[in-house]
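Number of protein chains: 2
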Amino acid sequence: MFSRHVESLIEALKALPGVGPRSAQRMAFHILERDRSGGEQLVRSLSAALEKVGQCGRCRMLSDDDICGICRNPRREQGLVCVVESPADVMAIEQATAYQGLYFVLLGHLSPLDGIGPEELGLDLLESRLGDGTVEELILATNPTVEGEATASYLTDIARAHGVRTSRIAHGVPIGGELEYVDGGTLSHAFQGRIQL
Amino acid sequence: MFSRHVESLIEALKALPGVGPRSAQRMAFHILERDRSGGEQLVRSLSAALEKVGQCGRCRMLSDDDICGICRNPRREQGLVCVVESPADVMAIEQATAYQGLYFVLLGHLSPLDGIGPEELGLDLLESRLGDGTVEELILATNPTVEGEATASYLTDIARAHGVRTSRIAHGVPIGGELEYVDGGTLSHAFQGRIQL
Ligand SMILES: [Zn+2]
Ligand SMILES: [Zn+2]
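Keeping their order, the protein sequence lines are chains B and C.
Residue 599 is where the first sequence starts when you use the working numbering, and the numbers rise one by one after that.
Residue 599 is where the second sequence starts when you use the working numbering, and the numbers rise one by one after that.
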């Protein structure tokens, strides 16, 4: 390679999700040839985020503060806690729904083979919330995958032990989706979960 | 948004080519949730590249040093100079061909409407090389676009004024390409450029 520093930059960019050797090279050249100020802005933003962004001590959402804005907001319904696998799920729910309760972010799902158990998902923290008497309903919004379902089932047991009721968000044929294009697993799930009219 | 620092990181990532709002968010979450050391490596590599990588004073290639490794290499054929539009073109030629001459990188093409004239492309630097008597052939490898062709034609005039011969790399149907899938412009070009057997 003609430049050790360009090579090292391309390597570092390849660590980003969805970035292969080709697009990493294009990004590196773009910054160095045409957008050095954009590159400097990225250095500043990334340094600041790495230094300042941690986890909310209550819900494990990415947060600039010890307790995040949602957990601090007294107008959110304190009796509702929605459990999701990732911060991106919180973003999606906040943007698409009128949900006004609180969250708990697992940052993963139970996966014993990968060494991810209750401790790694912060379930001690969730249990202490379930134990303090403010939570009325735990809404399980883990992904409809084998691991997500197993995690939801484990959480149901914990909630039951604390006398807290649980619910699972509905899964089925997407609104606007055409039956013939929906995958078999979803369709089968939609039949099992049919509602009497 | 739940975190000012995450928001600013997503904005900065969106400045990279090919990165939209969705993939910028996925990248930011990936770094902050799962790969902080990768994020720190990116800060280090990007800072170093922005500080250390400049242009070669002879061929305008991105380079860590005042004169790049290719220009400094006495075993390259000093009489051949290949003119390309971008550093990525140099990379592609070095990887795919046995070319052993030198380069000149325009970092663009003539585009009067965008205020890009001979000065912006470093043509004074190229002319001083053409004037010193070492260059025997200028190989024009600008892109086969209207602007690339106009730039090649302008370079031919400059070279002629210095008594240096020019050549244009061949354009036509790609090797392994099937005629019926080649675009009309390329096919027409291939007919005009046909070689007597
Ligand atoms: Zn929180
Ligand atoms: Zn050079």
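Beta carbons are placed, not taken as given, at the ideal position from N, Cα and C, and that holds for glycine.
Query	Result
Since B:Val604 meets chain C, which of its residues come closer than 7 angstroms, beta carbon to beta carbon?	Ala647, Val651, Leu660
Just by C-beta distance, which residues in the region 625-637 of chain B are closer than 8 angstroms to chain C?	Met625, Ala626, Phe627, His628, Ile629, Leu630, Glu631, Asp633, Arg634, Gly636, Gly637
Short check: CB of C:His707 to CB of C:Glu683, under 8 angstroms?	yes
Could you give the residue range of the beta strand (DSSP E) that holds C:Cys680?	675-682
Quick check on DSSP: helix, strand or coil for C:Phe702?	strand
Checking 8 angstroms against the spacing of the C-beta atoms, do C:Gly729 and C:His760 come in under that value?	yes
So with Cβ pairs under 8 angstroms, would you call C:Ile714 a contact of chain B?	no
Which of the three DSSP states is assigned to B:Arg766 in this structure?	strand
Run down chain B in chain order and give the residues with a C-beta less than 9 angstroms from the C-beta of C:Ile668.	Phe600
Answer yes or no: does any C-beta atom of chain B fall closer than 8 angstroms to that of C:Ser726?	no
Determine, using beta carbons only, whether B:Ile665 and B:Gly655 come nearer to each other than 8 angstroms.	yes
What are the residues in the region 682-702 of chain C lying within 9 angstroms of chain B by C-beta distance?	Ser684, Pro685, Ala686, Val688, Met689, Glu692
Quick test of your reading: C:Leu785 and C:Arg766, contact by CB under 8 angstroms. State the CB separation rounded to the nearest angstrom.	That pair is no contact at about 18 angstroms.
State the beta-bridge partners of B:Ile714 as determined by DSSP.	B:Ser709
Is it right to say C:Pro615 is buried, meaning 16 or more other beta carbons lie within 10 angstroms of its own, or is it exposed?	exposed
Return the residue from the list B:Val780, B:Ala690, B:Gly699 that minimises the CA-CA distance to B:Pro672.	B:Gly699
Which chain C residues are close to B:Leu678, counting only those with a beta carbon under 7 angstroms from its beta carbon?	Going along chain C, no residue has its Cβ under 7 angstroms from B:Leu678, so there is no contact; the nearest lies around 18 angstroms.
Compare the C-beta of B:Pro615 against all C-beta atoms of chain C and say whether one is closer than 8 angstroms.	yes
Is the region 612-628 of chain C close to the region 639-646 of chain C, with three or more CB pairs under 8 angstroms?	no
What residues from chain B crowd round C:Val641, counting only those whose CB sits closer than 8 angstroms?	Val641, Leu644, Ser645, Leu648
Return yes when the Cβ of C:Thr749 is within less than 8 angstroms of the Cβ of C:Leu711, no when it is not.	no
Is C:Arg656 near ligand 2, with its Cβ less than 7 angstroms from a heavy atom?	yes
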